[in-house]
Amino acid sequence: MEIVSSIVSKVFELLVEPTLRQIKYVFNYSDNIRNLEEEVRQLTLKKQIVEHTVEEAVRRNPVEVEDVVPRWFTKVNNVTEDASKILLRHEDKSKRRCFMGLCPNLIRRHQISRKASKALPIVVRAREEGNFERVCYRITPQGIGAVKGFEAFESRTSAVEQIMNALKDADVNLIGVYGMGGVGKTTLVKQIAAQVREYGIFKLVVMATVTHNPDLKTVQQQIADWLDYKFDVESVDVRAARLSERIKREKKILIILDDIWAAIKLEEVGIPYGPDHKGNKILMTSRIQSVLLEMGVQRDVLLEVLQHQEARNLFEKIVGDLKDSNLRPIAIEVAERCAGLPILIVPVATGLKNKQMFEWNDALEELKRFDGKGDEARVYSALELSYNFVRDEERSLFRLLGQLAPHDVVISDLLKYSMGLGLFNQRTTLKATRDRLLRVISDLKMSCLLLEGDNHEQVKMHDVVQSFAASIASKHHHVFNAAYQTELEEWPNKDFFEQCTSISLPYCNIPKLPEVLECPKLKSFFMFNNSSLKIPENLFSRMEELKVLDLTGMHLSPLPLSLQYLENLQTLCLDHCVLEDISAIGDLKQLQVLSFIQSTIVLLPSEVRKLTRLRLLDLSRCRGLKVIPPDVLSSLAQLEELYMGDGFVQWKGEGHDEPRNNANLSELKLLSKLSTLEVHIMDANIMPKDLFSEKLERFRVFIGSVDWRGKYKTSRTLKLKLSTSALLERVKVLLMKTEDLYLDDLKGVRSVLYELDDQGFPELKHLHVQNSLGIHIS
């Protein structure tokens, strides 16, 4: 019996169990398919969560993604693709029936169920592997990386060693670096930031620029941005308390406060130090040693000008080999007159590179004129030499930047001003003007008179260079430029204003404006962020030649009546303003640029249709804008650039019987010169055919309920969230040019490459896919 029992058991093990297992695949078919579908859905959701976590971290922080994350993404894509093939077989083949359609095809059901059963634990394991403790790690942000062009001269090496020793000293919390303007303090502390990160002395380094008129809120915000911290209050004291608590959560942090002109109280900013936070150290720079001592620094380091040989070496490195041996003594003399200041040596040497003997001699004579005069005069003389080397267009933009700095200047603002002022001989198109602007910016950077901004959309100036630019504009071009963030106590006299060509009041505290400013030669007027200031009705009545007017951040309800006198106005910027009735703008018939970025307008008045010369209209982030009367946009026949992103979405469709009370997308088809478009279309079904012209060269088009927010590095972005693939044909012309493509919850599409664009994506640089189960990239 035992032998028989053993044989039966073995037979059961070898034959019956496998047979039952195979039969179970057939009977458990529905469960296996349902379980696989649910796990694929959970894995897709998990991937989206990780993707969003990574995207948000990268967008808001200087971070690198952990290597394991992209490897996991690749694995998930492969696993999902394999599972999707099984599910597709279920949809397409498992429904086939045998015996004249009377019963299911059991063989195919068995095959699919078996594959689904084996795929299930692979999908589950892939999802569990996505439970990362962290997806990113902090890195030194761009701008505090190793400094391009930093020279390790002996004088700099000594200063670096002193600072590094102080940073390693447990008893030292406050360290100061001082020296005259242009000596290289900012460059030095940025190099320090790179080194402490490289050596692991600090896990986090943040930097804020204080300036000569410090605004504590601005300083707080700069630090908070590095920490990925968002304030939800306006009180400086409350913000300081919360910022302090946030900083204390960082065990080892270095805070750099650059360009301090007067002592500030760190506790009022919200920076803990000493017993309050022993892991926190503060490195500060100033031109004035006494300011640092007043703030209680325990170590102060003097950064002196370059030694003679160091200055000479730097100068010769930039100008390169001098083919004419007679130039060498002249080069040495020119270098010596740059006073050992890198801010002068670099642009002067750059300007003289490849120049002939007579140009070197002339430059030397110019510098000699300031022998025996003060440091500021010598600095300005060297910068003036560099200024004279550049062309007229570069000089014009340089002087304009001198009015707008020292904060970062947005390149799109420069485009608007350049258009209005005709800086580039009225290029035939906006695209041509933008291209020339970017070239001039590039030339100024190469001349070392302009710096990279914090991102690719901005530029900035060193404060010494900006001071010189403002001085040149004031002295030789009758520009009134009030100091940044100062209180304007006294206005120039009448004689000055009669010759004045530009007025710039950047973020100034102005107790009261004159009733009238008689400026018959005025070309531009800039006034930023003074919402409490009342603008007199007749302020602009005697500015007949005004070309550019920017009143950013003002309360303009109602608009000043004297705007109607600005018959020659070309550019009007009312960004971040409180506005109500703006119908008077319709009288400014020479306008070419009109900008309302993030202003509180509800209705774009029908009078705008009279602005038939308008070439650029910017309604970006006007989230309260609800009405654009019919045929207003289509009346702007000269329009080349239209920006409506993150704002107006109340587009009307075609074919409705009721009277139309809002803009129709078909109006955009009538703008034959349109080359740039930013628009959000919530309902894809109202899109007319041939909406998007092949002439569009720059666009940001969002279709469906997708989020506008985010940072986009390309000039051609398309986001799609469509309920049916039938609508894809209406964006095909954009797909051929798209560089940044987002696909969200795309219905009815299996293959991205062949169904979206059978010719491929020749310009595509970035592809983002989410909530689109079953879609294939290849």
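The sequence shown begins at 1 in full-length UniProt numbering and counts up one residue at a time.
Quick reminder that beta carbons are idealized off the backbone N, C-alpha and C, glycines included.
{"Check": "Cutoff 8 Å; reference THR738; Cβ partners in own chain excluding five residues on either side", "Outcome": "ARG716, THR717, LEU718, PHE761, GLU763, LEU764"}
{"Check": "Length of the line joining the Cα atoms of LYS75 and GLU64", "Outcome": "20 Å"}
{"Check": "Own chain residues within Cβ distance below 8 Å of ASN173, not counting five before or after", "Outcome": "TYR273, GLY274, LYS278, ASN280, LYS281, ILE282, GLN298"}
{"Check": "Under the three-state DSSP convention, the category GLY143 falls into", "Outcome": "Model confidence at GLY143 stands at a pLDDT of 41, short of 50, so the residue's coordinates are unreliable; what they give is reported in the following sentence. DSSP places GLY143 in coil when its eight states are reduced to three."}
{"Check": "Through-space distance from GLU567 to PRO329, alpha-carbon basis", "Outcome": "57 Å"}
{"Check": "Contact the region 569-581 vs the region 545-553: 3+ CB pairs below 8 Å", "Outcome": "yes"}
{"Check": "Beta-carbon gap between LEU617 and THR600 smaller than 8 Å", "Outcome": "no"}
{"Check": "Rounded C-alpha distance that separates GLU376 from LEU367", "Outcome": "13 Å"}
{"Check": "Three-state secondary structure (DSSP) of TYR507", "Outcome": "coil"}
{"Check": "Validate contact between the region 112-128 and the region 80-90 using beta carbons, cut 8 Å, 3 pairs", "Outcome": "yes"}
{"Check": "Exposure of ASN32, with buried meaning 16 or more beta-carbon neighbours within 10 Å", "Outcome": "buried"}
{"Check": "Proximity below 8 Å, CB of LEU625 to CB of LEU619", "Outcome": "yes"}
{"Check": "Host beta strand (DSSP E) of VAL287 (start-end)", "Outcome": "In the sequence under discussion, the amino acid at residue 287 is Arg, which differs from the Val named in the question. It is not in any beta strand (DSSP E) - ARG287 carries neither H nor E in the DSSP assignment."}
{"Check": "Endpoints, the alpha helix (DSSP H) within which GLU316 is located", "Outcome": "308-319"}
{"Check": "Cβ separation of SER467 and SER502, assumed to be a contact under 8 Å, to the nearest whole Å", "Outcome": "Not a contact, Cβ separation roughly 17 Å."}
{"Check": "GLY200 versus LEU167: straight-line alpha-carbon distance, rounded", "Outcome": "12 Å"}
{"Check": "Reference VAL379; option with closest CA among GLY340, HIS52, SER412", "Outcome": "GLY340"}
{"Check": "Test item: CB-CB of GLU729 and SER675 under 8 Å", "Outcome": "no"}
{"Check": "ASN326 versus GLU393 - alpha carbon distance", "Outcome": "33 Å"}
{"Check": "Three-state class that DSSP yields for PHE480 in the structure shown", "Outcome": "strand"}
{"Check": "Local conformation of GLY351 per DSSP, three classes", "Outcome": "helix"}
{"Check": "Extent of the continuous alpha helix (DSSP H) to which MET419 belongs", "Outcome": "411-421"}
{"Check": "Under the three-state DSSP convention, the category THR571 falls into", "Outcome": "strand"}
{"Check": "Cα-Cα separation, VAL238 to SER531", "Outcome": "23 Å"}
{"Check": "Exposure label - HIS308; buried when at least 16 CB within 10 Å", "Outcome": "exposed"}
{"Check": "Rounded distance between the beta-carbons of ALA311 and LEU322, thought under 8 Å", "Outcome": "The Cβ separation is near 16 Å, so there is no contact."}
{"Check": "DSSP-derived helix/strand/coil call for VAL649", "Outcome": "coil"}
{"Check": "Supposed contact pair PHE398 and residue 799 - C-beta distance, whole angstroms, cut 8 Å", "Outcome": "This structure does not reach residue 799, given that the chain is present from 1 up to 778, and the question cannot be answered."}
{"Check": "ILE247 at chain B interface by Cβ criterion, 8 Å", "Outcome": "In summary, chain B is missing from the structure at hand, where a single protein chain is found."}
{"Check": "Rounded separation between SER705 and ASP683 - CA only", "Outcome": "8 Å"}
{"Check": "Whole-angstrom distance between ILE255 and GLU294, CA atom to CA atom", "Outcome": "18 Å"}
{"Check": "THR140 burial status per 10 Å Cβ neighbour count (16 or more: buried)", "Outcome": "Any reading at THR140 must be qualified, since the residue scores a pLDDT of 46, below 50, and its modelled position is unreliable; no value is offered."}
{"Check": "Whole-angstrom distance between LYS251 and ASP169, CA atom to CA atom", "Outcome": "16 Å"}
{"Check": "Same chain only: Cβ atoms within 7 Å of LEU385, ignoring 5 sequence neighbours per side", "Outcome": "VAL348, GLY351, ALA363, GLU366, LEU367"}
{"Check": "Beta-ladder partner(s) of residue 845, from DSSP", "Outcome": "Since the first residue shown for the chain is 1 and the last is 778, residue 845 is missing from the structure and cannot be characterised."}
{"Check": "Cβ neighbours of PHE526 in the same chain (closer than 6 Å, five flanking residues each side left out)", "Outcome": "SER504, ASP550"}
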